[in-house]
């Protein structure tokens with residue numbers, strides 16, 4: 302019997318690394334990528350095309366992207382904050398780009414010094430740049446659009462669900478090939494996730510939808526359950542929960558990749574990812590990043606004796 | 302508009318304290334109880350009537366129970382492992398008793414040196430002792446029965462759902478006034494919780510049902526969501542996540558009271574509990590228990606700016 306699948310996209314190399322004090326070498330980043338692919342995690346946000354002055358960790362974005370494109374089986378994506386970043390990603394040959402804007406106008410202004418509406422217009426320009434490119438490879442690039450602070454914002458407070466849905470419609474109209482709904486500051490709760498994601502999925506039709514949750518207030522995996530209920534099957538996560546949140550000292554950041562895979566597999570979904578292999582990669586990366594907080598229940602407590610991966614069960 | 306309510310039962314004084322190295326004074330335990338009641342948490346498992354030789358922390362069980370009975374508004378309960386413990390609880394005047402047996406026979410043997418079937422027979426004897434008491438107060442005692450390791454066991458591994466359901470039927474027939482289903486070792490996953498709890502609730506009719514989850518593998522609050530889906534509205538939790546698990550070093554134990562209340566209130570359920578007051582009590586207790594691990598996302602990250610307690614919203 303073939304099990305239903307779910308997808309976990311690794312964002313530790315981007316959302317995780319932008320928070321840490323140690324700058325990893327390009328080689329280390331590429332080893333991380335290659336070993337994730339070996340572990341069965343093939344969707345990776347490998348870097349971010351933000352200005353290196355703002356985040357020195359990503360000064361090697363071109364080198365990381367170039368190296369990642371040579372790793373067999375890896376579907377490498379990069380985050381881009383604007384048209385200029387997208388242009389750099391096109392040039393290096395990346396075929397998957399994640400653009401992000403904030404549903405909170407205040408957050409958007411602080412993050413990229415533009416209003417949310419201006420950021421949406423910029424996304425339309427990125428789509429146009431792709432579609433009008435003379436390079437067939439560039440024209441085949443998948444453009445994902447993410448809505449950050451979709452469940453609330455540490456600066457603005459409440460974010461109106463109707464505004465989020467309006468933004469999703471705008472991004473779809475502009476040509477988004479994929480939509481990600483993000484709880485950037487860890488404000489979401491399961492009821493809110495279930496309600497919003499049902500409405501988002503009603504708008505998106507065949508366009509894939511992912512959720513990006515932070516575990517800042519302990520509800521990360523509960524929110525995954527709510528999103529699964531709503532029909533979402535793709536989730537961003539960070540190995541070892543690497544990341545944290547700049548607005549909440551000692552708070553955890555992205556949901557943890559190992560724990561998310563454990564949850565999804567426990568729910569009978571096949572992620573194709575080997576948790577044991579993830580734990581080994583985590584060990585290596587923890588060695589590279591002394592003093593950084595690594596979170597995760599499976600790393601602490603181990604898998605239950607009763608755990609069987611979806612794949613293993615399918616064989617039985 | 303009156304919101305639907307949910308109940309959080311504090312078990313930190315029992316499940317939490319049995320794991321810590323420092324023995325709290327009777328006065329400290331009673332201060333903890335009294336402040337929990339002030340915070341709106343009135344259902345507390347105040348102690349355990351196990352032999353003091355086994356758990357020295359509970360050598361003052363009689364004194365704690367006696368003191369707890371004097372605290373206005375407190376619904377004090379105690380855990381009892383056998384008829385002898387129940388007799389001590391009856392004698393001191395407690396009107397709520399929690400009896401626990403394990404669905405895993407191996408765990409039951411290790412815990413109380415009897416088979417699960419023998420423990421079920423012992424529960425019937427406790428019911429008889431209550432019903433045949435000459436004391437009308439004793440006859441009014443509420444006898445709750447808990448099924449431990451209901452979702453799997455670190456010793457035995459898998460626990461058959463049919464066996465758990467059979468035990469619930471046995472306990473109901475024996476006269477249980479309340480059923481608690483416990484994931485003693487943190488093996489439960491949301492799919493399993495939803496499935497089992499639906500079946501348990503189909504058996505229990507008007508008898509109240511609670512869930513007791515551990516967060517050992519990070520799924521504690523996700524399991525609460527699944528249990529809510531199934532219809533459960535009562536949950537055990539431990540302030541500051543105090544407890545840990547004897548079989549998993551560094552692993553977290555009971556789900557955290559503050560975070561559980563936050564989750565339930567976020568879901569629009571009224572717990573009647575003030576999270577700010579819980580955080581203040583947590584501070585005090587952390588001072589009494591140096592070196593013990595306290596967990597909890599709300600204590601780390603604070604409440605979201607957008608958070609409104611069910612009560613507050615109901616007023617609006």
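Residue numbers (our numbering), protein chains in the order written: chain G, 302 to 617; chain A, 302 to 617. Virtual Cβ for every residue (Gly too), placed ideally from N, Cα, C.
Taken through DSSP and simplified to helix, strand or coil, residue 390(G) comes out as helix. Residue-level contact by beta carbon holds for residue 564(G) and chain A, with a gap shorter than 9 Å.
Boundaries for residue 438(A): no beta strand (DSSP E) harbours it, while the alpha helix (DSSP H) harbouring it runs 437-440, taken from the DSSP string. Per DSSP, the continuous beta strand (DSSP E) segment holding residue 345(G) begins and ends at 344-349. For residue 481(A), the enclosing beta strand (DSSP E) stretches over residues 479-484. In this structure, the alpha-carbon of residue 381(A) lies about 50 Å from that of residue 481(G).
Its chain contains 338 and 343 as the residues whose beta carbon lies nearer than 8 Å to that of residue 374(G), once the 5 sequence neighbours on both sides are disregarded; these appear in chain order.
If you look at residue 495(A), you'll find it isn't in any beta strand (DSSP E); it sits in the alpha helix (DSSP H) that goes 491-505.
At a cut-off of 9 Å between beta carbons, residue 593(G) makes no contact with chain A. Taking C-beta atoms as the reference points, residue 448(G) and residue 404(G) count as a pair closer than 9 Å. DSSP lists 458(A) as the bridge partner or partners of residue 454(A). Close to residue 400(G), with beta-carbon spacing below 7 Å, lies no residue of chain A; the smallest spacing is near 25 Å. In the DSSP assignment, residue 361(G) falls outside any alpha helix (DSSP H), carrying neither H nor E. DSSP, reduced to helix, strand and coil, places residue 309(A) within a strand of the structure shown.
If you draw a straight line from the Cα of residue 504(G) to the Cα of residue 346(G), it comes to about 25 Å.
In this structure residue 397(A) is buried. Its beta-carbon is surrounded by 16 or more other beta-carbon atoms within 10 angstroms.
In this structure, residue 565(A) lies near residue 307(A), with their beta-carbon atoms less than 9 Å apart. The closest CA to that of residue 510(G), considering only 534(G), 360(G) and 497(G), is found on 534(G). Look at the stretch 476-506 of chain G: the residues with a C-beta under 7 Å from a C-beta of chain A are 487, 488, 490, 491 and 492. Exposed is the label assigned to residue 392(A), since fewer than 16 other Cβ atoms lie within 10 Å of its Cβ. Residues of the stretch 437-452 of chain G with a C-beta atom less than 7 Å from some C-beta of chain A do not occur.
At least one beta carbon of chain A lies nearer than 9 Å to the beta carbon of residue 458(G). Burial state of residue 418(G) is exposed, judged by a 10 Å Cβ sphere holding fewer than 16 other Cβ atoms. Taken in chain order, the members of the stretch 516-529 of chain G whose beta-carbon sits within less than 8 Å of a beta-carbon on chain A are 516, 517, 518, 519, 520, 522, 523, 525, 526 and 527.
With a contact defined as Cβ atoms closer than 8 Å, residue 425(G) and residue 475(G) qualify at about 4 Å. Within the same chain, Cβ atoms closer than 6 Å to the Cβ of residue 524(A) are found at 489, 491, 494 and 514, the five residues on either side in sequence being excluded. Rounded to whole angstroms, the Cβ separation of residue 573(G) and residue 341(G) is 4 Å, and the two are in contact under 8 Å. Going by beta carbons, residue 413(G) and residue 395(G) fall outside the 9 Å limit. DSSP, reduced to helix, strand and coil, places residue 402(A) within a strand of the structure shown. The criterion of a C-beta distance shorter than 9 Å is satisfied by residue 540(A) and residue 558(A). Of the candidates 605(A), 586(A), 445(A) and 473(A), 605(A) places its Cα closest to the Cα of residue 520(G). Taking 9 Å as the threshold, the shortest C-beta distance from residue 304(G) to chain A does not fall below it. For residue 377(A), the three-state secondary structure derived from DSSP is strand.
Bounds of the beta strand (DSSP E) holding residue 444(A) are 443-449.
DSSP, reduced to helix, strand and coil, places residue 557(G) within a strand of the structure shown.
Within 10 angstroms of the beta-carbon of residue 420(G) lie 16 or more other beta-carbons, which makes it buried.
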